[in-house]
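Visitor: Protein sequence lines, in the order shown, are assigned to chains F and Y. Quick note on numbering: the first sequence equals residues 20 to 230 in this note's numbering. Quick note on numbering: the second sequence equals residues 102 to 880 in this note's numbering. Every residue, glycine too, gets a C-beta built ideally from N, C-alpha and C.
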Amino acid sequence: MISGKHRVLILLAALASLDPVRAEDTASALIARLGKAPPVTEAFVEFRFSRFTRVPVRSAGTLAYLAPGHLRRIVAEPRAETTTIQDGQIRIERAGQKVRTVALSRVPELDALLGSVSGLLGGDAAALSAGFTIELEGGNGSFALALVPKPKAMARKLARIRVFGSRDRVSCLVFVEPDAEQNIVVLDPGRVPAPGQPVEAEGLLAACARG
Amino acid sequence: MNQARARALRTSVAVLLVLAFALLVVRDFSLGTDLRSFLPPPETADERLLLDQVAEGPGARLLFLAIEGSGPMVLAAQSQALKSTLAGQPGIRLVANGSESIDDLPERLVASRFLLTDRFDVHPLDASVLAAALHEREADLASPAAFVLEDWLGRDPTLEVLYLAERQKPAREPRRVDEVWFEADREAALLVVEPEAAAFDAAANRALLATIESVFAAVAAGTTSVLQVNGPGAYGVRMEARIRNEANLLGFAATAGMVLLVGIAYRRAGFVLLSALPLAAAALAGIAAVTLAFGTVHGVTLAFGFTLIGVAQDYPIHLLSHLGMATPAATTVRRLWPTLLTGVASTSIAYLAFYASGVAGLQQLAVFTIAGLAAAAAATRWILPDWTRAASPVVRSPSAARLADRLAAFTRLRPIVPVVVAAAVGVLVFGPGLAFENNLARLSPLPKEWLDREVQLRRTLGSADMRHLLVVDAADRETALRLLESLEPDLGDLVAQGAIDGYEHAATLLPSVQRQAWRQSRLPHAAAAQAMLDAAVADSVFVADAFAPFLAELEEARRQPPLVPGDLAGTPFALKIDALLPSTADGRIAALVTLRGTVDAVRLGAFAERRDAVRLIDLKAASEGLVARYRDHVLDSLVIAAILLVGVIGLALRSFRRTLRVVTPMVLTTILVLAILALLGTPLSLFHLVALVLAAGLGIDYALFFEAAEHDPEDDPLPSRHALLVCAASTMMVFALLATSSLPVLHALGVTVGLGVAGNFLLALILLPARDRPARQQD
Chain F
20 MISGKHRVLI LLAALASLDP VRAEDTASAL IARLGKAPPV TEAFVEFRFS RFTRVPVRSA
80 GTLAYLAPGH LRRIVAEPRA ETTTIQDGQI RIERAGQKVR TVALSRVPEL DALLGSVSGL
140 LGGDAAALSA GFTIELEGGN GSFALALVPK PKAMARKLAR IRVFGSRDRV SCLVFVEPDA
200 EQNIVVLDPG RVPAPGQPVE AEGLLAACAR G
Chain Y
102 MNQARARALR TSVAVLLVLA FALLVVRDFS LGTDLRSFLP PPETADERLL LDQVAEGPGA
162 RLLFLAIEGS GPMVLAAQSQ ALKSTLAGQP GIRLVANGSE SIDDLPERLV ASRFLLTDRF
222 DVHPLDASVL AAALHEREAD LASPAAFVLE DWLGRDPTLE VLYLAERQKP AREPRRVDEV
282 WFEADREAAL LVVEPEAAAF DAAANRALLA TIESVFAAVA AGTTSVLQVN GPGAYGVRME
342 ARIRNEANLL GFAATAGMVL LVGIAYRRAG FVLLSALPLA AAALAGIAAV TLAFGTVHGV
402 TLAFGFTLIG VAQDYPIHLL SHLGMATPAA TTVRRLWPTL LTGVASTSIA YLAFYASGVA
462 GLQQLAVFTI AGLAAAAAAT RWILPDWTRA ASPVVRSPSA ARLADRLAAF TRLRPIVPVV
522 VAAAVGVLVF GPGLAFENNL ARLSPLPKEW LDREVQLRRT LGSADMRHLL VVDAADRETA
582 LRLLESLEPD LGDLVAQGAI DGYEHAATLL PSVQRQAWRQ SRLPHAAAAQ AMLDAAVADS
642 VFVADAFAPF LAELEEARRQ PPLVPGDLAG TPFALKIDAL LPSTADGRIA ALVTLRGTVD
702 AVRLGAFAER RDAVRLIDLK AASEGLVARY RDHVLDSLVI AAILLVGVIG LALRSFRRTL
762 RVVTPMVLTT ILVLAILALL GTPLSLFHLV ALVLAAGLGI DYALFFEAAE HDPEDDPLPS
822 RHALLVCAAS TMMVFALLAT SSLPVLHALG VTVGLGVAGN FLLALILLPA RDRPARQQD
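The following block contains the structure:
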């Protein structure tokens with residue numbers, strides 16, 4: 020998930036939009052279009068860029084949006100693990116290890132993930148703007164949003180969340196940390212190089228920004 | 102010297118004594134609540150260890166806080182807030198609530214981690230070990246759990262810090278909510294507080310509890326949360342408050358009852374004051390004597406002291422009931438004096454048995470009682486007659502005469518007595534039998550619920566079961582640690598064989614200096630470390646530069662001095678190490694190996710036999726043995742006291758037959774009370790024995806006076822019967838009040854003595870009057 024160093028999460032999303040986006044589309048209308056009825060399950064591939072690593076650390080699994088405030092991240096590789104965020108608590112379960120429970124308030128990065136995904140997939144611009152300042156970055160057919168966290172504890176760990184997508188689907192979430200390291204989550208198998216192939220942050224971002 | 106001057110002299114002496122005692126008490130009196138005062142004195146090394154663990158060990162001073170009454174997340178937040186505020190308070194060494202993370206570890210410990218960890222003992226730190234660790238870290242980076250690790254990654258890629266932090270946690274961790282300890286079966290957040298003050302420092306603990314309460318009030322403002330504090334320190338303070346409240350209540354009730362009783366019995370306001378005089382003298386003398394001899398008066402001793410009301414009351418009552426219109430009080434008292442003195446002497450001898458027991462609390466009790474009774478008797482003999490004028494008219498009243506006749510009728514019950522006694526003996530011999538209270542913890546005057554709650558909390562917080570312990574004797578801490586390390590292979594075998602599930606000792610937390618030095622020598626030097634890192638990193642996604650801090654700390658670890666227990670003062674490690682390496686009275690170390698799970702005592706015993714310095718202790722057996730041996734000791738003393746008592750009475754009465762008559766009601770009553778207790782299923786504790794002795798002393802008093810009156814054919818039996826009735830009534834009232842107490846000690850005392858008084862009263866009435874004596878006419 021989002022934390023610490025650069026991570027590149029790549030959400031694999033559906034393909035390009037069908038209609039061109041009107042120029043005067045506002046952020047709220049955009050977000051409203053993104054809303055889906057829960058439960059929503061998306062496969063994802065996440066790339067974490069860190070100053071400790073030569074290449075990004077890759078993980079893959081499914082992200083399930085079960086209800087507002089209820090998120091589940093099931094990772095299959097590199098190690099099986101399930102993280103559930105619910106009722107303000109985080110539960111981390113790994114095979115053969117004790118279940119850990121932590122308050123969401125103590126991990127601002129995960130709080131940000133929950134807030135952004137709930138707001139986006141719930142289509143709730145009002146809820147989103149309660150926790151983030153929303154900036155629309157652009158465009159035609161495809162869009163790019165920037166969510167800047169408002170709470171100080173969150174802002175200390177996360178500079179902004181960039182959301183790429185087209186029409187009514189989110190294709191990538193990029194978590195940018197204050198030291199400019201990034202975490203890119205892609206929801207589109209087509210945009211992601213095969214495992215073992217070299218991956219660059221710029222290349223991934225370009226693939227995300229493509230319509 | 103004429104009467105007036107004699108009287109003035111006596112009065113002055115009395116006043117001076119009172120002033121002296123009062124000054125002493127006011128200046129030096131302090132109320133003790135040390136709960137060890139009623140524990141038997143240890144004799145063997147094992148028993149000393151047992152009592153140390155129970156009473157004085159560092160674990161014994163811990164306070165356990167439980168917060169409940171709100172939702173779990175609220176409680177968790179309050180637990181954190183409480184911890185952060187309390188940790189900085191003076192008087193508190195440590196607060197733990199489960200949220201201790203690796204960020205809380207002291208820097209000294211972190212810097213020494215390569216010397217403390219045992220993970221590189223078998224296979225030293227090299228490229229393959231490091232490569233495996235880096236592989237794990239890579240997977241961690243993809244996980245939310247990484248948020249704990251990221252600050253440490255560059256310094257500690259093998260996560261030795263996390264390993265050490267995990268090791269200091271209790272073996273069985275309670276469940277957690279938001280990283281904070283909670284009770285298993287209820288919604289209550291748990292904290293452990295280690296105070297500076299020992300559990301028995303009542304003043305410091307009082308201040309500490311007040312601090313905790315006020316901090317909690319601030320933290321929990323506006324919520325429905327409540328705080329519960331458990332632990333010996335808290336119990337001492339609560340006991341003190343409770344004893345004081347109950348003592349006040351009982352004292353007030355007893356005083357009111359006494360006033361009422363004396364008023365009804367004698368119909369003279371003046372007599373109320375008169376009867377109170379010896380009583381006040383007894384209380385003052387008792388407290389002064391104990392303060393002088395011991396420095397403090399234990400709260401329970403003071404509570405026992407109220408029983409003196411019942412006993413000391415008898416002396417003025419005998420005098421007042423025997424007052425005749427024609428005879429001056431001084432003459433009356435001189436006639437009663439031999440009987441009075443015999444009563445005091447016999448009771449004091451019985452209490453001397455408690456003095457011989459060696460238990461501080463009982464010795465205080467003995468001194469209190471003997472001093473008090475002596476003072477009451479002296480006041481009755483020398484002070485009271487001066488202030489008494491005429492006889493009490495009620496003694497001569499028709500209603501009193503009717504009462505006397507009714508009481509005389511009790512002799513008709515004489516045939517029943519052998520039957521009842523035989524039944525009682527039958528119950529004792531063939532019935533459920535007398536159970537003795539062998540549990541050391543139950544000898545404590547604390548209520549059972551408090552003790553049970555504390556055990557429950559200690560178990561939840563993962564203290565190893567303390568029934569079996571291995572003790573390793575060593576001259577000093579370093580030797581102890583080395584010995585413990587040498588036991589490791591054998592202990593591992595025992596675990597493998599299933600004799601124990603697990604164990605813990607000081608060396609698992611802090612290795613000996615010798616072992617640390619050995620580990621230090623195996624750490625790679627700078628160039629080798631760099632090569633190791635490069636090789637490990639080559640196969641991973643990591644860049645070598647990221648781990649420069651790791652290399653620096655590795656080098657630092659190779660140079661620094663080994664860690665000793667003193668370096669860890671003020672950390673949770675220190676708490677555990679102090680508990681596992683206690684010093685003995687002679688300055689040696691008795692290192693403990695605590696055991697987990699079901700213990701195969703036979704295999705452990707065999708293991709202990711093979712190794713010289715190792716001993717297996719069964720604390721339960723040791724404590725029961727201690728209690729049983731101690732009880733035998735007290736019983737022996739009581740038998741001797743009983744013989745002396747009969748001897749004193751025989752000496753005073755100079756007749757075997759009379760002595761027999763006096764002693765019989767007391768003996769029979771004791772048998773009856775024991776039978777009743779056996780039927781009730783009450784296990785007999787020390788306090789029951791004390792109560793039986795007290796009841797016997799009272800019985801002797803009744804029998805002596807009664808028998809004396811019956812023996813003298815000139816005498817009117819009415820005053821004696823009246824006196825007996827008032828004495829029994831007043832004593833019964835006092836002990837019935839005690840029986841209502843919530844403190845187990847006082848309750849036991851109240852019930853037992855109440856039964857004893859009733860029995861002695863009835864048996865004296867039934868057995869003692871001379872059968873062939875004609876009914877007296879009234880004048």
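(1) Within the same chain, show all residues whose beta-carbon is closer than 7 Å to that of F/PRO212, passing over the 5 residues directly before and after it, in chain order.
(2) If you measure between the beta carbons of F/LEU206 and F/VAL182, is that distance less than 8 Å?
(3) At a threshold of 7 Å, does Y/MET359 count as lining the ligand ATP (C-beta to nearest heavy atom)?
(4) Just the C-alpha distance for Y/GLU725 and Y/GLY599, rounded to the nearest angstrom, thanks.
(5) Check the Cβ of F/PRO97 against every Cβ in chain Y and list those closer than 8 Å, keeping chain order.
(6) I want to see whether chain C comes within less than 8 Å of Y/PHE643, judged by CB atoms only; does it?
(7) Is it true that the CB of Y/VAL327 sits closer than 8 Å to the CB of Y/GLU169?
(8) Beta-carbon within less than 7 Å of Y/GLY444's beta-carbon, same chain only, minus the 5 sequence neighbours each way: which residues are those?
(9) Does any C-beta atom of chain F lie closer than 8 Å to the C-beta of Y/MET834?
(10) Tell me which residues of the segment 645-662 of chain Y have at least one Cβ-Cβ distance to chain F shorter than 7 Å, keeping chain order.
(11) Thinking C-alpha only, which one of Y/ALA670, Y/LEU570 and Y/ASP602 is nearest Y/LEU195?
(12) F/LEU129 versus chain Y: which residues are under 7 Å apart at the beta carbon?
(13) What three-state label does DSSP hand Y/LEU611 in the structure shown?
(14) For a minimum of 4 consecutive residues, which ranges assigned as the alpha helix (DSSP H) are wholly contained in the segment 687-765 of chain Y?
(15) Is F/PRO168 helix, strand or coil when you go by DSSP?
(16) Cα separation between F/THR101 and Y/ARG339?
(17) Report yes or no: is there a C-beta of chain F within less than 8 Å of the C-beta of Y/VAL262?
(18) Going by Cα to Cα distance, which pick from F/LEU132, F/GLN116 and F/GLY115 is closest to F/LEU123?
(19) Closer than 9 Å, Cβ to any Cβ of chain Y: which residues of the segment 192-206 of chain F, in chain order?
(20) Against chain F, with Cβ distances strictly below 8 Å, would Y/ARG220 count as a contact?
(21) Within this structure, are the beta carbons of Y/GLY334 and Y/ALA298 separated by less than 8 Å?
(22) Just curious, the alpha helix (DSSP H) that Y/ARG214 is in, first and last residue?
(23) Just checking, does the segment 704-721 of chain Y make contact with the segment 566-577 of chain Y on the three C-beta pairs under 8 Å criterion?
(24) So the candidates are Y/ALA212, Y/ARG238, Y/MET359 and Y/VAL518; which of them puts its Cα closest to the Cα of Y/VAL768?
(25) Between F/GLU61 and chain Y, is the shortest Cβ-Cβ distance under 8 Å, so that the two count as touching?
(26) Once you ignore the five residues that flank F/PHE71 on each side, which residues in its own chain have a CB closer than 6 Å to its CB?
(27) What is the residue span of the beta strand (DSSP E) that F/GLY209 lies within?
(28) Under 8 Å, Cβ to Cβ, is there at least one residue of chain F near Y/VAL278?
(29) Look at the alpha carbon of Y/TRP253 and the alpha carbon of F/VAL126, and state the distance between them as a whole number of angstroms.
(30) Applying a beta-carbon distance threshold of less than 7 Å, which residues of chain F neighbour Y/LEU254?
(31) In chain order, what residues of the segment 172-184 of chain Y put their CB closer than 9 Å to some CB of chain F?
(32) So, is the C-beta of F/ALA122 closer than 8 Å to a C-beta in chain Y?
(33) I'd like to know if the segment 194-203 of chain F and the segment 164-180 of chain F are in contact, where contact means that at least 3 CB-CB pairs between them fall below 8 Å.
(34) For Y/ASP577, which three-state DSSP category applies?
(35) So with CB distances below 8 Å, who are the chain Y contacts of F/VAL211?
(36) Cβ of F/ILE180 less than 8 Å from any chain Y Cβ?
Guide: The structure says:
(1) Taking the first sequence and counting its residues from 1, one reaches residue 212 of chain F at position 193. Around F/PRO212: VAL218.
(2) Taking the first sequence and counting its residues from 1, the one referred to as residue 206 of chain F is at position 187. Taking the first sequence and counting its residues from 1, the one referred to as residue 182 of chain F is at position 163. Taking 8 Å as the Cβ cut-off, F/LEU206 and F/VAL182 do not qualify as a contacting pair.
(3) Within the structure as shown, the ligand ATP is missing, as the structure has no ligands at all.
(4) Counting from 1 along the second sequence, the entry for residue 725 of chain Y is found at position 624. Counting from 1 along the second sequence, the entry for residue 599 of chain Y is found at position 498. Taking the CA atoms as reference points, Y/GLU725 sits about 28 Å from Y/GLY599.
(5) For the purposes of this step, residue 97 of chain F is taken as residue 78 along the first sequence, with counting starting at 1. Within chain Y, the residues near F/PRO97 are GLU239, ALA240 and ALA243.
(6) Annotation note: the requested chain C is absent from the structure, which comprises protein chains F and Y.
(7) Reading the second sequence from its first residue, position 68 is the one you call residue 169 of chain Y. Reading the second sequence from its first residue, position 226 is the one you call residue 327 of chain Y. Yes, they are a contact pair.
(8) The residue you call residue 444 of chain Y lines up with position 343 of the second sequence. The answer, listed in chain order, is ILE801, ASP802 and LEU805.
(9) Position 733 of the second sequence, counting from 1, holds the residue named residue 834 of chain Y. No, Y/MET834 lies away from the interface with chain F (no Cβ there is under 8 Å from its Cβ).
(10) ALA647
(11) Residue 195 of chain Y sits at position 94 when you count from the first residue of the second sequence. For Y/LEU195, the nearest C-alpha among the options comes from Y/ALA670.
(12) Position 110 of the first sequence, counted from the start, is the residue given in the question as residue 129 of chain F. Correct list: PRO245.
(13) Residue mapping note: residue 611 of chain Y aligns to position 510 of the second sequence, counting from 1. Coil, per DSSP.
(14) 702-711 and 720-754
(15) Walking along the first sequence from the start, residue 168 of chain F turns up at place 149. Three-state DSSP puts F/PRO168 in a strand.
(16) As a working note, residue 101 of chain F is residue 82 in the first sequence. As a working note, residue 339 of chain Y is residue 238 in the second sequence. Cα atoms of F/THR101 and Y/ARG339: separation of roughly 48 Å, rounded to the nearest angstrom.
(17) Here residue 262 of chain Y refers to the residue found at position 161 when the second sequence is read from its first residue. Output row for Y/VAL262: interface = no.
(18) By one-based count along the first sequence, residue 123 of chain F stands at place 104. The option with the nearest alpha carbon to F/LEU123 is F/LEU132.
(19) Residues: none.
(20) Looking up residue 220 of chain Y in the second sequence gives position 119. Chain F, which has no Cβ nearer than 8 Å to the Cβ of Y/ARG220, makes this no.
(21) Here residue 334 of chain Y corresponds to residue number 233 of the second sequence, with the count starting at 1. Here residue 298 of chain Y corresponds to residue number 197 of the second sequence, with the count starting at 1. Cβ atoms of Y/GLY334 and Y/ALA298: closer than 8 Å.
(22) In the second sequence, residue 214 of chain Y corresponds to position 113, counting from 1. Segment 214-217, the alpha helix (DSSP H) holding Y/ARG214.
(23) Contact holds: three or more Cβ-Cβ distances are below 8 Å.
(24) Taking the first residue of the second sequence as position 1, residue 768 of chain Y is located at position 667. Comparing Cα-Cα distances from Y/VAL768 to each of Y/ALA212, Y/ARG238, Y/MET359 and Y/VAL518, the minimum goes to Y/VAL518.
(25) Within the first sequence, numbered from 1, the residue matching residue 61 of chain F stands at position 42. Taking Cβ atoms only, chain Y never reaches closer than 8 Å to F/GLU61, which makes this a no.
(26) Your numbering for residue 71 of chain F matches position 52 in the first sequence. Correct list: empty, nothing qualifies.
(27) Start at 1 with the first residue of the first sequence, and residue 209 of chain F comes out as number 190. Where F/GLY209 is concerned, there is no enclosing beta strand (DSSP E), given that its DSSP letter is neither H nor E.
(28) The sequence position of residue 278 of chain Y within the second sequence is 177, counting from 1. Yes, Y/VAL278 counts as interfacial toward chain F.
(29) Here residue 253 of chain Y refers to the residue found at position 152 of the second sequence. Here residue 126 of chain F refers to the residue found at position 107 of the first sequence. Distance between the alpha carbons of Y/TRP253 and F/VAL126: 17 Å.
(30) As a first step, residue 254 of chain Y is located in the second sequence; it is residue number 153 there, counting from the start. Here the neighbours are PHE71.
(31) MET174, ALA177 and ALA178
(32) Translated into positions along the first sequence, residue 122 of chain F becomes position 103. Chain Y contact via Cβ: present.
(33) yes
(34) Reading the second sequence from its first residue, position 476 is the one you call residue 577 of chain Y. Correct three-state label for Y/ASP577: coil.
(35) Within the first sequence, numbered from 1, the residue matching residue 211 of chain F stands at position 192. Within chain Y, no residue comes near F/VAL211; the closest Cβ sits about 15 Å away, beyond 8 Å.
(36) For the purposes of this step, residue 180 of chain F is taken as residue 161 along the first sequence, with counting starting at 1. No, F/ILE180 lies away from the interface with chain Y (no Cβ there is under 8 Å from its Cβ).
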